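Those protein sequence lines, which keep their order, are chains A, B, C and D.
Take the first sequence: its letter number 61 is residue 61 in the working numbering, and every next letter is one higher.
Converting from the second sequence to the working numbering requires adding 1000 to each position, the first position being numbered 1.
Converting from the third sequence to the working numbering requires adding 2000 to each position, the first position being numbered 1.
Converting from the fourth sequence to the working numbering requires adding 3000 to each position, the first position being numbered 1.
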Amino acid sequence: MNMVLENDELQDLYRELILDHARKPRNFRRLDDATHTAEGINPLCGDKLRLYLLIDANDTVVDAGFEGSGCAISMASASLLTETVTNISVADAEACFNTVTQRLTLGSSGDQAPHKIDLSKLRALDGVRQYPSRVKCATLAWHALHAAINSQSTATTE
Amino acid sequence: MNMVLENDELQDLYRELILDHARKPRNFRRLDDATHTAEGINPLCGDKLRLYLLIDANDTVVDAGFEGSGCAISMASASLLTETVTNISVADAEACFNTVTQRLTLGSSGDQAPHKIDLSKLRALDGVRQYPSRVKCATLAWHALHAAINSQSTATTE
Amino acid sequence: MNQPQPTLVADIAACRNDFPALNQDVNGHSLVYLDSAASAQQPLAVIEAVARYQNDDHANVHRGVHTLSHRATELYEGARDKLRKFVNAASRAEIVLTSGTTESINLVAQSYCRPTLRSGDQILITWLEHHSNIVPWQLVCEQTGAELIVAPINDRGEIELDELYALMTGPVKLLSLSHVSNALGTVNPLREIIDRAKKAGITVLIDGAQGVPHMTVDVQALDCDFYAFSGHKMFGPTGTGVLWGREALLEEMPPYKGGGDMILEVSFDNTVFNDLPYKFEAGTPNISGTIGLGAAVDYLQSVGMDNISEHEKALHEYLVDKLAGVNGIRLIGTARNQASVQSFMLNDIHPHDLGTIVDHQGIAIRTGHHCAMPVMQRFGLSGTARASLGLYNNTDDVDRLILALEKARQIFA
Amino acid sequence: MNQPQPTLVADIAACRNDFPALNQDVNGHSLVYLDSAASAQQPLAVIEAVARYQNDDHANVHRGVHTLSHRATELYEGARDKLRKFVNAASRAEIVLTSGTTESINLVAQSYCRPTLRSGDQILITWLEHHSNIVPWQLVCEQTGAELIVAPINDRGEIELDELYALMTGPVKLLSLSHVSNALGTVNPLREIIDRAKKAGITVLIDGAQGVPHMTVDVQALDCDFYAFSGHKMFGPTGTGVLWGREALLEEMPPYKGGGDMILEVSFDNTVFNDLPYKFEAGTPNISGTIGLGAAVDYLQSVGMDNISEHEKALHEYLVDKLAGVNGIRLIGTARNQASVQSFMLNDIHPHDLGTIVDHQGIAIRTGHHCAMPVMQRFGLSGTARASLGLYNNTDDVDRLILALEKARQIFA
Ligand SMILES: Cc1ncc(COP(=O)(O)O)c(C=O)c1O
Ligand SMILES: Cc1ncc(COP(=O)(O)O)c(C=O)c1O
């Protein structure tokens, strides 16, 4: 990151990890064989993304991808999400949803996710808490995850 | 009038002449042979009156009457009106309308009415100027007069 | 005065000082404001909340990432949360912010009734209703061919329950009923009526314009389907109001108005409406007014709705006693359960004249039809004089009114 | 800065001090407010007019004979008179007070169009419009079977006039068009367009939400049929607005909402509607807000609309020049006639991120779709950043924005 940021908070929001995932989102692709999918809409800005999950017979998420456009925060969050939920059970994915959204909205420590899942990268999103109007950007993909798992077609963050 | 009125303004509004006409309105009757009629509605209070005019071939008001209910001010004003416009020409009646409404709303001296018509009794209504919310009560019948002469069916004072 | 003073709730006496408008002279006399049923005065806390918002926090809501927009949104949505708690709605999605009771009722008429009513269907109201709870139904009946039917009231100004229940046996789709009559003060037995309506499968809207200022309202306990009220009658700003509706019903209703904020997505092929409650809130809302309304809720809760009810009940009894002592007074509205709203006539003095005479002595009462012409017709009157008591009134106010009425009686003697 | 300072209208510089909200720090920097197109700040004169009314004069309007009710009515109707002069309406009957532009447009859609449109009829709008000037027409088209047709815009954000005129040859009943685009700042050539529409027998509504804050509006000179605008964009309170309409058209239209004040007489057999403008004003209006709006008109007239236009034009040129110096800036909206509203993109930085970064430096800009998604679609964007300049902005504000954009560029380098 460029050194013009004399300001800690802004630096905290746009961490190198976030900017990296925003520039080069992982799993940015449509899953043609998706078993579950949902759209996330942020009415504030009109941004939309679509999340795809491939869930197998053992209720394991075996693949995840997304498409759409959005700000650095929402793109990075979606990208990190797809990495996080691949190869874990649906129940664990739902636990991740709870942990992440609670951590971002309530600032709670969020110990709902099983310890076996490494959520440390997602700490990169924590800077968003200082920007309440941007929390919705960070949680958008996660709401879409929750919707997809629960077979709803759309999630909004209002 | 009772002597409890220590206050000039109130006394000015409820002059003996007003109270007398309000208690015993003159020409309070329907004219079955009316040639012109109009209703006056005061939306503020819902009061209504209907004015009847009998206008002959020479454009003279040969008879005037009214029916309806209202406050002392509107009843007295209607009563005085019927006395004033009987046996004058339609043009003079319209001039009286202009004079009276202008005197009450603008406080202008109102010299539009021909001198031959005696409007002195109508000065009893002048006290209403101190009560802007009541001016409409005093002008209601006059607006009905104007409407009747001009073949409109209703006049409102809003 | 040889009557004992009623026991009013002690702390409430001090509330009067919270209302700057009451501290003024009118026509050379200190103001006695007995017109709260038309519109209540505002406590300083409300006036200041609005001014503070304008001075420090104003921006448009919902749409911006900048700090002021965020602050404005938090304050505005915070007011919604307060209102939700105030009427005990199950969720904030059920609190639709409107410009007042009238708009809330029109919203239900146009979005709930208009798309579904058919010729042969009926809407049921009562003779007690305010024009805002009559005309919207006349309009939608004309638009749909449905029929408006009306339950009568008795000489005390109470709904004839037997006749109301008899009417419920017809093809009635909606009952719309006031919580408290603004003209007569009648408090309707909502729990019982709603119960009967539910059993008959009838949707129920309560016009709560005169309910919320006087008593605790719990929409879940009432078990109605819609509850409408205005900010300005509960010590908040004009241009604000609420439609509470059951989420399941609101969910099914098409939007009322189109515009910004009520959509998720607009294109010329396909427009997607927003979630509740935003689906019903098109355009920039009354942000400052709603924030003021939130402050009014805080104020009411700090005084306590039960204290307010108790105070007003005692003061209303005092008023009725005193009026009874004035020669030529006829009370209009003598329901067994009555809020602190009292209509009356004095001899054959037209209410308008009465209004002017008491105003001349600094006393504000309302005179006329109170936007309830059918009630007036029911009593064979074109209007009444009405004194309505709010939490800030006291026995001195009543005494001043009585003296002024005596003077009027003498002028017209 | 090596550019010469533009010549701004001298007195206007001092106006900034009239706006208390501008005198604050946000995120540790003095506030630069560049979001007036979303909602303008209020001068102290407006804030105080509202507070003064609440402190001294509040009561319900139109219905009372007592002194406060009379004062409130005079103030409220006085605001209507000011608004009439402000847009040069022929009579006060033509000034319908609403809660804002959105409601004004919905009123026309529901009361003018809905009763008369038939399947086969068309409503014509443009790609420039705000959602509030799109969705009401989508709703009424769905209700009536009429068709919504849309004139395209070019790459500068100007309406393609030839195509607009070609569309006018169809069965078009109404043209609804913005005065000024809120997303792109385009000032539409109204005189010419209205002329063509009139010749084709088409009724014309102008969405003036972004017109009135920036320039003199004369509805008679424009010769349109309806003109809609909002109080909060012209330095007045939220929850206020106007629908100006030609008296002859308003006269024919059925009421929009039912309720108190819009009737002369209510009975269960026969309800008589009130005269204009009251027929369209059901229920207790936004009294305090409208009085504040009257004060905003006074304020604008004391500054002078021509001075405002001149100031904003110079400042907008300055902004465009400065933006041109920022590496990676792309202006969205480059109409030849443009108001002081400027959308832009900076490299591929998402507007949301840009908004947060400049907010962090105390600068409020709007980011997103600006309730004009079709405009965004036209430019292949999901949103833009938008700086909108009001009479209180100055070159320092622009300079601060430019510095903040440089910082954003570097973060995302
Ligand atoms: C061009 C235009 N039209 C309509 C509107 C809607 O105005 P309001 O939200 O005040 O109803 C706006 C502002 O949001 C606008 O900019
Ligand atoms: C019982 C009742 N219903 C409805 C209304 C209408 O309320 P508003 O004028 O605030 O819309 C009122 C007050 O005027 C009322 O007293």
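We put the CB at the ideal spot given by N, CA and C, even for glycine.
Predicted, not measured: the structure shown is a model, and the values here were computed from it.
Interface flag, residue i vs chain D, CB-CB below 8 Å
| i | result |
| --- | --- |
| residue 2371 of chain C | yes |
| residue 1133 of chain B | yes |
| residue 2402 of chain C | no |
| residue 2103 of chain C | yes |
| residue 2035 of chain C | yes |
| residue 119 of chain A | no |
| residue 1004 of chain B | Reliability of the predicted coordinates at residue 1004 of chain B is poor, the pLDDT of 44 falling under 50, and the value obtained from them is presented with this limitation in mind. Output row for residue 1004 of chain B: interface = no. |
Range covered by the alpha helix (DSSP H) that runs through residue i
| i | result |
| --- | --- |
| residue 3388 of chain D | Segment 3384-3388 is the beta strand (DSSP E) holding residue 3388 of chain D; no alpha helix (DSSP H) there. |
| residue 1098 of chain B | 1090-1106 |
Boundaries (first-last residue) of the beta strand (DSSP E) holding residue i
| i | result |
| --- | --- |
| residue 2133 of chain C | No beta strand (DSSP E) contains residue 2133 of chain C, which DSSP labels as neither H nor E. |
| residue 66 of chain A | 60-69 |
| residue 3360 of chain D | Looking at the DSSP string, residue 3360 of chain D is not in any beta strand (DSSP E), and its letter there is neither H nor E. |
| residue 2368 of chain C | 2366-2368 |
| residue 1050 of chain B | 1047-1055 |
| residue 2153 of chain C | Run containing residue 2153 of chain C: none; DSSP gives neither H nor E here. |
| residue 3175 of chain D | 3172-3178 |
| residue 2126 of chain C | 2122-2126 |
| residue 149 of chain A | Residue 149 of chain A -> not in any beta strand (DSSP E); alpha helix (DSSP H) instead, spanning 132-149. |
| residue 2398 of chain C | That residue, residue 2398 of chain C, is in no beta strand (DSSP E); its alpha helix (DSSP H) goes 2395-2411. |
Per-residue DSSP class, three states only, for residue i
| i | result |
| --- | --- |
| residue 3019 of chain D | coil |
| residue 3244 of chain D | strand |
| residue 2066 of chain C | coil |
| residue 2345 of chain C | strand |
| residue 2103 of chain C | helix |
| residue 3230 of chain D | strand |
| residue 39 of chain A | strand |
| residue 3056 of chain D | helix |
| residue 1002 of chain B | The predicted position of residue 1002 of chain B is uncertain, since its pLDDT is 39 and thus under 50; no value can be drawn from it. |
| residue 3338 of chain D | strand |
| residue 3147 of chain D | strand |
| residue 3091 of chain D | coil |
| residue 2212 of chain C | coil |
| residue 3001 of chain D | Any reading at residue 3001 of chain D must be qualified, since the residue scores a pLDDT of 41, below 50, and its modelled position is unreliable; the value itself is stated next. In this structure, residue 3001 of chain D counts as coil in the three-state DSSP scheme. |
| residue 1031 of chain B | coil |
| residue 3096 of chain D | strand |
CB contact check: residue i to chain C, cutoff 8 Å
| i | result |
| --- | --- |
| residue 1020 of chain B | no |
| residue 3257 of chain D | yes |
Closer than 8 Å to chain A by CB, residue i
| i | result |
| --- | --- |
| residue 3015 of chain D | no |
| residue 3131 of chain D | no |
| residue 3383 of chain D | yes |
| residue 3357 of chain D | yes |
| residue 2274 of chain C | yes |
| residue 2083 of chain C | no |
Those residues which DSSP pairs with residue i across a bridge
| i | result |
| --- | --- |
| residue 3206 of chain D | D/3177, D/3227 |
| residue 3035 of chain D | D/3388 |
| residue 2108 of chain C | Answer is none; residue 2108 of chain C lacks a bridge partner. |
| residue 3025 of chain D | D/3030 |
| residue 73 of chain A | For residue 73 of chain A, which the question treats as bridged, DSSP gives no partner whatsoever. |
| residue 2273 of chain C | C/2263 |
Contact with chain B by residue i, beta-carbon distance below 8 Å
| i | result |
| --- | --- |
| residue 2411 of chain C | yes |
**Message:** Three Cβ pairs or more, each shorter than 8 Å: is that satisfied between the stretch 2254-2268 of chain C and the stretch 3303-3310 of chain D?
**Reply:** Short answer: they don't touch.
Inspect the CB distances between the stretch 17-24 of chain A and the stretch 68-83 of chain A and report whether three or more fall short of 8 Å. yes
Query raised in the report: Would you call the stretch 3030-3050 of chain D and the stretch 2318-2336 of chain C in contact, with 3 or more CB pairs under 8 Å?
Result: no
Decide yes or no for the touch test of the stretch 1042-1057 of chain B against the stretch 1076-1091 of chain B: beta carbon pairs closer than 8 Å, at least 3 of them.
-> yes
Touch check for the stretch 3223-3234 of chain D and the stretch 2259-2273 of chain C: three-plus C-beta pairs under 8 Å? no
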